[in-house]
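Using the numbering used here, the first residue of the sequence shown is number 351, and each one after it goes up by one.
Using N, Cα and C, we set each Cβ at its ideal position, and we do this for glycine too.
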Amino acid sequence: MAPGNKSSGILEKVLGYGYQIHPGALKIIESLEEEKALEVLSSFPEKFPEVIVIEVGHVEKILEEKAVKKAEEPKEFGEFGSKLNGRITQIYDGSGLIQRCPKCNRWIIDNFCIVHSDVKGVWDLRIKARFDDGKEQCTLIFKRDVTEKIVNITLEEAKKLGEVATLERIREALFGKNFEIEGVKLKGGNFLVKDIRVREVKS
Ligand SMILES: [Zn+2]
351 MAPGNKSSGI LEKVLGYGYQ IHPGALKIIE SLEEEKALEV LSSFPEKFPE
401 VIVIEVGHVE KILEEKAVKK AEEPKEFGEF GSKLNGRITQ IYDGSGLIQR
451 CPKCNRWIID NFCIVHSDVK GVWDLRIKAR FDDGKEQCTL IFKRDVTEKI
501 VNITLEEAKK LGEVATLERI REALFGKNFE IEGVKLKGGN FLVKDIRVRE
551 VKS
């Protein structure tokens, strides 16, 4: 999704849930990464069943609780929600060594944020990839930690290599193998990868 569509997309979802939203609260949610924003939104009905207007305080409460929960997450393989087996068939644009806006965390190019204009971009690593388990396809999202692990590269090393060579390393690491993937299904068909490993296939 183009960055420009995200804001209206979030508001649409809020209204779709049957809520109204305080502009301040909307601003906070819009400043989050897409998957996080949707996570926050989807936890509203359960968390605040009586609320009609989403206020800043509600959003902050959910974010606080999520931060606590994240710190307690178990690290062992096999402990996260859903599991997938299959192959990565395509790496999407915007994968690899990227820059983010220091103010809103959006993916930016050439130190220009669509909201904050000229900024000094912050380097990050991520992968968006198409995954096929033989029956269904979905889009995998890898954040920096999981990207570093599966590609066996650090952000610092990637910065030295540059964007093109980093993307090449990602392709080498991900294509032509079977993977076992642990993660969380996100709304909209994306899958946030929490752990990934090469799967031994009996021949
Ligand atoms: Zn920005």
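Using a Cβ-Cβ cutoff of less than 7 Å, which residues in the same chain neighbour residue i once the five nearest sequence positions on both sides are dropped?
i             : result
arginine 450  : Arg456, Trp457, Ile458, Gly471, Val472 and Asp474
cysteine 454  : Ser381, Cys463, Val465 and His466
glutamate 482 : Inspection of the sequence shows that residue 482 is occupied by aspartate rather than by glutamate. Once the five neighbours on either side are set aside, the close Cβ partners of aspartate 482 are Gly436, Arg437 and Thr439.
DSSP three-state call for residue i: helix, strand or coil?
i              : result
glutamate 414  : helix
valine 305     : Residue 305 is absent from the structure shown; the chain starts at 351 and stops at 553.
serine 393     : coil
arginine 494   : helix
glycine 436    : strand
isoleucine 402 : coil
Between residue i and residue j, which are expected to be in contact by the criterion C-beta below 8 Å, what is the C-beta distance as a whole number of angstroms?
i              : j            : result
isoleucine 404 : tyrosine 369 : 5 Å
For residue i, I'd like the list of residues in its chain whose CB is within less than 6 Å of its CB, leaving aside the five on either flank, ordered along the chain.
i           : result
lysine 535  : Ser432 and Phe541
leucine 543 : It is valine, not leucine, that sits at residue 543 in the sequence shown. Within the same chain, valine 543 has close Cβ partners Leu490, Phe492, Val496, Ile531 and Gly533.
glycine 539 : Cys488
Are residue i and residue j touching if we call contact CB-CB under 7 Å?
i          : j              : result
valine 501 : alanine 479    : no
valine 401 : alanine 375    : no
valine 409 : isoleucine 360 : no
Confirm the yes/no value for this check: CB of residue i, any heavy atom of ligand 3, distance under 6 Å.
i          : result
lysine 493 : You won't find ligand 3 in this model; what it holds is ligand 1.
What residues are listed by DSSP as bridge partners for residue i?
i             : result
aspartate 468 : Phe462
alanine 515   : DSSP lists no partner for alanine 515.
Does any residue of chain D have a CB that is nearer than 7 Å to the CB of residue i?
i             : result
histidine 372 : The structure shown contains no chain D, having only a single protein chain.
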